[in-house]
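*Asks:* Quick one: the structure is below, and I'll ask about it shortly.
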Amino acid sequence: MYILDTGPIFKFFATDCVPQLVKALGGNPVHIPAAVEFEIYDTPKRRSQFIRAAETWPRFPGRFKRIISDAPTEDLQQCCRDVLGVEFDDMYSLTKDRGENMAILHGVLLARSGERVVIVCDEENGTALIKKQARLLMIQHQRGLHVPGGAIAHATTLTLLQWAIERGGFKNRAEFIKKYHAMASLDEALPKDIKATGLTKSPPWPGESHSDDPQ
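Those letters in the sequence shown? Residues 27 to 241, by this note's numbering.
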């Protein structure tokens, strides 16, 4: 299952790349915590470049999205202590990084219960924490802890774009380049230089040879 932080949601929904996101995930649902859905609607009130995402999200078909409740169960509260080292109520009372934190906590808790989870996050601190928890879960499994079979993997917006390309989400490289520049202009999460991503070289691009240079 795929759990997304707010940043990747904004990248695809603010640039009308919802079909590409669906392609990237192979038609599997987008899972987001309630805190991330709150940010989808709240952040555009202060950052107008994301207004399109807030407009588009409600029209995203229900079969492709799942909202994970942030109700503070005992397991979720303990997971917060384990992962973040703070009490759940204290963490949740602060809006800063709340969506990111909840995406990670839900991912860890679901992985502990046997789910194979991909957490999609672009932020440096969140990425480091996800990778740390992935390693810890493997160690805990070796010690006989938690439900076998669960796993945590990390992905980014660039990962999703790579998957979308591989699954035919963009009709040609020119369309991809246009959409990428739109995403990169939203904030500082993506490299401004598209060549730095290596994605323009990703085959196959319909009607083009691999030697063509990006515009």
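Where is the CB? At the ideal position from N, CA and C, for every residue including glycine.
Model, not experiment: these values are computed from the prediction.
So, Val134 versus Ile178, is the Cβ gap smaller than 8 Å?
*Replies:* In contact: Val134 and Ile178 (Cβ atoms closer than 8 Å).
*Asks:* With H, G and I counted as helix, E and B as strand and the rest as coil, what does DSSP make of Arg73?
*Replies:* In the structure shown, Arg73 sits in coil (DSSP, three-state: anything other than H, G, I, E or B).
*Asks:* Based on the DSSP output, what are the partners of Ile145 in its beta bridges?
*Replies:* BP columns for Ile145 point to Ile29 and His180.
*Asks:* Taking DSSP as the reference, what is the three-state secondary structure of Arg169?
*Replies:* The answer is coil: DSSP assigns Arg169 none of H, G, I, E or B.
*Asks:* Mind listing, in chain order, the continuous alpha helix (DSSP H) runs of no fewer than 4 residues lying wholly within the stretch 37-104?
*Replies:* Taking only runs of at least 4 residues, the alpha helix (DSSP H) segments lying wholly in the stretch 37-104 are 44-50, 60-68 and 77-82.
*Asks:* Have a look at Lys71 and Asn151 and give me their C-alpha separation to the nearest angstrom.
*Replies:* In a straight line, the C-alpha of Lys71 is about 25 Å away from that of Asn151.
*Asks:* Can you tell me the Cα-Cα spacing of Gln188 and Leu47, whole angstroms?
*Replies:* The straight-line gap from Cα to Cα measures roughly 11 Å.
*Asks:* Which whole-angstrom value is the C-beta distance of Val173 and Arg138, which I expect to be below 8 Å?
*Replies:* Right, the Cβ-Cβ distance comes to about 7 Å (below 8 Å), so this counts as a contact.
*Asks:* Taking Leu102 as the reference, which of Leu162, Lys157, Asn127 and Ile191 has the closest Cα?
*Replies:* It is Asn127.
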